[in-house]
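Chemist:
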Amino acid sequence: MFKASELRQKEIINISDGKRLGFVSDVEINMETGIIEAIIIPSEGKLFRVLSKDNDILIPWTEIKKIGLDVILIDKNP
157 MFKASELRQK EIINISDGKR LGFVSDVEIN METGIIEAII IPSEGKLFRV LSKDNDILIP
217 WTEIKKIGLD VILIDKNP
């Protein structure tokens, strides 16, 4: 078991191409069920977090393959 806040400390790695995508910036939670539906990472090149979240990358929970101590492994095809 883990806390949602602990996800922010883990790096996201895509196992399909080995690319490091960054760190979790937020989570999307279904308010009716309380279940995490997706994790959100800032888009590449986003130096400052301005109010705009239009270009953030949404990773559905179903694409997460493994959550380790330091990383989250996902399988996302381009």
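Per our numbering, the very first residue in the sequence shown carries number 157; after that it's consecutive. Heads up, the beta-carbon is just placed ideally off N, CA and C, and yes, glycines get one too. Predicted model, so just to flag it, every value in this text is computed and none were measured.
Hey, quick one: how far does the beta strand (DSSP E) through Ala194 stretch, first residue to last?
Modeler: Counting from 1 along the sequence shown, the entry for residue 194 is found at position 38. That run of the beta strand (DSSP E) goes 192 to 197.
Chemist: State the Cα-Cα distance for the pair Asp226 and Phe179, rounded to the nearest angstrom.
Modeler: Counting from one through the sequence shown, the residue named residue 226 turns up at place 70. Counting from one through the sequence shown, the residue named residue 179 turns up at place 23. Between Asp226 and Phe179, the C-alpha separation is close to 10 Å.
Chemist: Output the distance between the C-alpha atoms of Lys222 and Ser199, rounded to the nearest integer angstrom.
Modeler: Residue mapping note: residue 222 aligns to position 66 of the sequence shown, counting from 1. Residue mapping note: residue 199 aligns to position 43 of the sequence shown, counting from 1. Taking the straight line joining both Cα atoms gives about 22 Å.
Chemist: Can you list, in chain order, the residues of its chain with a C-beta nearer than 8 Å to that of Ser181? Leave out the 5 residues immediately preceding and following it.
Modeler: Mapped onto the sequence shown, residue 181 falls at position 25. If we look at Ser181 and ignore the five residues flanking it on each side, its Cβ neighbours are Arg164, Ile196, Ile197, Pro198, Arg205, Asp212.
Chemist: Kindly indicate which three-state DSSP category Asn188 falls into: helix, strand or coil?
Modeler: Position 32 of the sequence shown, counted from the start, is the residue given in the question as residue 188. Looking at the sequence shown, residue 188 is not Asn but Glu. Here Glu188 sits in coil by DSSP.
Chemist: Check the DSSP bridge columns for Phe179 and list the partner residues they point to.
Modeler: Here residue 179 refers to the residue found at position 23 when the sequence shown is read from its first residue. The partner list for Phe179 (beta bridge, DSSP) reads Glu167.
Chemist: Between Ile171 and the rest of its own chain, which residues show a CB-CB distance below 8 Å, the 5 nearest in sequence each way excluded?
Modeler: Position 15 of the sequence shown, counting from 1, holds the residue named residue 171. The residues are Lys221, Leu229, Ile230, Asp231.
Chemist: According to the neighbour-count rule (16 or more other Cβ atoms, all chains shown, within 10 Å of its Cβ), is Ile185 buried or exposed?
Modeler: Translated into the one-based positions of the sequence shown, residue 185 becomes position 29. By the 10 Å Cβ count, Ile185 comes out exposed.
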